[in-house]
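Residue numbers for the sequence shown, in the numbering used here: 731 to 915.
Quick reminder that beta carbons are idealized off the backbone N, C-alpha and C, glycines included.
Quick notes on the structure that follows.
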Amino acid sequence: MSPAGEKPLVLIGLMATGKSTVGRRVAVRHGWRFVDTDAVIVDRHGSIAEIFAQRGESGFREVEAAVVAEVLSGADGNTVVSLGGGSVLHERTQELLSMALVAYLDADVATVLPRLEGDTGRPLLADGAGEVWARLDRERRPVYEALADLVIDTRDATIDDVVNRLEEQVHRLGPAEGKDHGNDR
């Protein structure tokens, strides 16, 4: 698999859809570099929950936007990047994504809820994981879909299934690199 030319492969989607796991697996499979922007933020600034507590969501989003801009500016066609779920809401991030091959990992609440249960590291879910996740999905889905070159259905799929679906869509997209909004559903 070769992500469209010199463009990095960027995975977007809500929390717990498998972006980091899938991204890491694709990178290992092809010998590429993998960058998880949430991990970069944690390494540099402390836990996401701590940043939210100290700076609020808007303060976190500014830190996140700066990290995403730095990572995407240094990424090439041998790089897979996993973005935090809300990072696509920042205008600068949206602009930078035009220079990447963007894959939206789509899931539903039934798929992600088991992954979220007991997870205290996600401040946005403090008021009830399932309800909050479903609301965020309704709010962000149009943004994800508008930015995506590829939409990968992760429901009822193993990590290997998702990786294979992603690779198949990249192959189908070919060198044209355009926003085709391919969908495997």
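ask   = What is the DSSP secondary structure of T747, reduced to helix, strand or coil?
value = Residue state for T747 is assigned as coil, using DSSP reduced to three classes.
ask   = Under three-state DSSP, which class holds T823?
value = Here T823 sits in helix by DSSP.
message = According to DSSP, is T841 part of a helix, a strand, or is it coil?
response = Three-state result, T841: helix.
query = Relative to the C-alpha of E869, which residue among A878, G816, A783, Q784 is closest?
reply = Measuring C-alpha to C-alpha distances from E869 to each of A878, G816, A783, Q784 identifies G816 as the nearest.
task = Starting from the C-beta of D820, find all residues in its chain whose C-beta is less than 8 angstroms away, skip the five residues before and the five after it, and write them out in chain order.
result = The sequence shown places His at residue 820, not Asp. Contacts found: R791, E794, A795, V798.
Beta-carbon contacts of S828 that lie in its chain and below 8 angstroms, excluding the five residues immediately before and after = Once the five neighbours on either side are set aside, S828 has no close Cβ partner at all.
query = Can L835 and L741 be called in contact, C-beta distance under 8 angstroms?
reply = Yes, they are a contact pair.
ask   = Can you tell me whether DSSP reads D886 as helix, strand or coil?
value = Coil.
query = Which whole runs of the alpha helix (DSSP H) in the stretch 757-785 are 4 residues long or more, in chain order?
reply = Fully enclosed alpha helix (DSSP H) runs of 4 or longer: 767-775.
inquiry  = Rounding to the nearest angstrom, what Cα-Cα distance links R755 and E898 in this structure?
reply    = R755 and E898: Cα-Cα distance of roughly 15 angstroms.
message = Pop quiz: T767 and S812 are said to be a contact at Cβ under 8 angstroms. What is the actual Cβ separation, rounded to whole angstroms?
response = That belief holds up - the Cβ atoms of T767 and S812 are roughly 7 angstroms apart, short of 8 angstroms.
task = Please go through the same chain and pick out, in chain order, the residues whose beta-carbon is closer than 6 angstroms to the beta-carbon of G860, but skip the five residues on each side of it.
result = The answer, listed in chain order, is V839, L843.
ask   = The beta strand (DSSP E) spanning V810 covers which residue range?
value = Residues 809-812.
ask   = Which residue comes first and which comes last in the alpha helix (DSSP H) that contains A876?
value = For A876, the enclosing alpha helix (DSSP H) stretches over residues 859-877.
Buried or exposed (CB count within 10 angstroms, at least 16 for buried), G789 = Looking at its Cβ environment, which holds fewer than 16 other Cβ atoms inside 10 Å, G789 is exposed.
ask   = Over what stretch of residues does the beta strand (DSSP E) that includes V832 continue unbroken?
value = That run of the beta strand (DSSP E) goes 831-836.
request  = Take R885 and list the residues in its own chain whose beta-carbon comes closer than 7 angstroms to its own, dropping the five residues that flank it on each side.
outcome  = Hits under 7 angstroms: A837, D838, T841.
Cβ neighbour criterion (16 or more within 10 Å) applied to L814 = The identity of residue 814 in the sequence shown is Gly, whereas the question assumes Leu. Buried, because 16 or more other Cβ atoms sit within 10 Å of the Cβ of G814.
Closest Cα partner of H901 within the set T888, L880, G786 = Taking only the C-alpha atoms, the option nearest H901 is L880.
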